Amino acid sequence: MPELPEVETVRTGLEPLLRGREIASVICHRSSLRYPLPDLTALVGKTVIGVRRRAKYLLFDIDDGQTLVWHLGMTGQFHVLPQQTQAGSHEHVCFNLSYGQSLRYRDARRFGYAGLLHAEDFEKHAWFAALGPEPLSDDFSVNHLIEACSSRKAPIKNVIMDAGVVVGVGNIYASESLYRAGIHPTRAAGRISAPRLGLLVKVIREVLEEAIDAGGSSISDFVNADGKPGYFAHSFQVYGRHGDRCFACDKQIKRISQAGRSTFYCSSCQR
DNA sequence: AAATGAACCTGTTTGC
DNA sequence: TGCAAACAGGTTCATT
Numbered sequence: 027m028p029e030l031p032e033v034e035t036v037r038t039g040l041e042p043l044l045r046g047r048e049i050a051s052v053i054c055h056r057s058s059l060r061y062p063l064p065d066l067t068a069l070v071g072k073t074v075i076g077v078r079r080r081a082k083y084l085l086f087d088i089d090d091g092q093t094l095v096w097h098l099g100m101t102g103q104f105h106v107l108p109q110q111t112q113a114g115s116h117e118h119v120c121f122n123l124s125y126g127q128s129l130r131y132r133d134a135r136r137f138g139y140a141g142l143l144h145a146e147d148f149e150k151h152a153w154f155a156a157l158g159p160e161p162l163s164d165d166f167s168v169n170h171l172i173e174a175c176s177s178r179k180a181p182i183k184n185v186i187m188d189a190g191v192v193v194g195v196g197n198i199y200a201s202e203s204l205y206r207a208g209i210h211p212t213r214a215a216g217r218i219s220a221p222r223l224g225l226l227v228k229v230i231r232e233v234l235e236e237a238i239d240a241g242g243s244s245i246s247d248f249v250n251a252d253g254k255p256g257y258f259a260h261s262f263q264v265y266g267r268h269g270d271r272c273f274a275c276d277k278q279i280k281r282i283s284q285a286g287r288s289t290f291y292c293s294s295c296q297r
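The opening position of the first sequence corresponds to residue 27 in the numbering used here, with each subsequent residue numbered one higher.
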């Protein structure tokens, strides 16, 4: 389900609903998702003091100095519902909160995972230690991308999806960004000029910011904490449009497979 | 070293 | 229509 804009949309929706809420009880319907779940009952009686995001991870800061780290995988969703609401299908965890509401985690494919880490050094954990910069921060500079691409023979699409290079760019926004930058997705990263990589940095930022402003992209089932879909899918130029015409040049959008993922591009506009 | 493919799961779409 | 194969927003691990 989620790339960076979708996770950020979830974070924005959850933060005001959770900040200052005490966790009254926890109901766990299974002991493991992708990995075994941490002991979530340790959170009973604790208070959520904030919700942050790093890469595609949600970070629930707890008042005892711990951070509940949660990755949504492909189909993970968080919803805030009244406590009396029946558990939905594929609902694996329910946190009952003060003031009669509950935070529910639902995840059909169960690729999501969670951990309970110490807030002050969570970035040393294996999930975070090798991550590259946030794409919307100044650390994701033109020089950083030039450095990461230099002498690399891998296709540029694979490089911008490499979380060690830059985080948060998933399969949708990789295709959309390369289209906007006019760069062919199979081009070797090390054979792209510095000005073109500079343009790529700029458009990755633009695409992600526009998607966040639109509340994310809902392809089949992405919804935010209020159960509302995002609208950025209406803005796709290439993703999922294979066989249809390019809005710019009228040629057919192509679909290929790279590293096991579908890539969409225009062979005329992207070189 | 770096790149591909499989694996983890279930639900939905596509194609014969 | 019905069934099976293909495919889906992510990440990690094993195998070239």
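Even for Gly, the Cβ is constructed at its ideal location relative to N, Cα and C.
For clarity, every value in this text was computed on a predicted model and none was experimentally measured.
Please determine, among 205, 84, 129, the residue with the shortest C-alpha to C-alpha distance to residue 50. Translated into positions along the first sequence, residue 50 becomes position 24. Of the candidates 205, 84, 129, the one whose C-alpha sits nearest the C-alpha of residue 50 is 129.
Identify every residue that forms a DSSP beta bridge with residue 58. Residue numbering aside, residue 58 sits at position 32 when the first sequence is read from its first letter. Paired residue(s): 62.
Helix or strand or just coil, what does DSSP make of residue 250? By 1-based counting over the first sequence, the position of residue 250 is 224. Correct three-state label for residue 250: coil.
When we look at the beta-carbon of residue 202 and count the other beta-carbons within 10 Å, is it buried (16 or more) or exposed? Start at 1 with the first residue of the first sequence, and residue 202 comes out as number 176. Buried: at least 16 other Cβ atoms inside 10 Å.
On the three-state DSSP scale, how would you describe residue 117? Residue 117 sits at position 91 when you count from the first residue of the first sequence. Note: residue 117 maps to strand in three-state DSSP.
With respect to the beta strand (DSSP E) encompassing residue 213, which residues constitute its N-terminal and C-terminal limits? Numbered from its first residue, the first sequence carries residue 213 at position 187. Note, residue 213: premise wrong, no beta strand (DSSP E); not H, not E.
Give me whichever residues DSSP pairs with residue 95 in a beta bridge. Translated into the one-based positions of the first sequence, residue 95 becomes position 69. Residue 95 is bridged to 85, 141.
How many Å lie between residue 277 and residue 271 at the Cα? On the first sequence, residue 277 is found 251 positions in, with the first residue counted as 1. On the first sequence, residue 271 is found 245 positions in, with the first residue counted as 1. Each residue's alpha carbon lies about 5 Å from the other.
Can you give the Cα-Cα distance for residue 55 and residue 111, rounded to whole angstroms? Counting from one through the first sequence, the residue named residue 55 turns up at place 29. Counting from one through the first sequence, the residue named residue 111 turns up at place 85. Roughly 15 Å separates the two Cα atoms.
Under 8 Å: do the region 182-189 and the region 146-155 share three or more Cβ pairs, one atom per stretch? no
Looking at residue 60: is its Cβ nearer than 8 Å to the Cβ of residue 132? Looking up residue 60 in the first sequence gives position 34. Looking up residue 132 in the first sequence gives position 106. Cβ distance not < 8 Å, so residue 60 and residue 132 don't count as in contact.
Compare the beta carbon distance of residue 225 and residue 214 with 8 Å and say whether it is the shorter of the two. For the purposes of this step, residue 225 is taken as the residue at position 199 of the first sequence. For the purposes of this step, residue 214 is taken as the residue at position 188 of the first sequence. Not a contact, by the Cβ cut-off of 8 Å.
Apart from the five residues on each side of it in sequence, which residues of its chain come closer than 6 Å, Cβ to Cβ, to residue 67? Sequence index remark: in the first sequence, residue 67 carries index 41 (1-based). If we look at residue 67 and ignore the five residues flanking it on each side, its Cβ neighbours are 52.
Is residue 48 helix, strand or coil when you go by DSSP? In the first sequence, counting from the first residue as 1, residue 48 sits at position 22. Looking at residue 48 - three-state DSSP - the assignment turns out to be strand.
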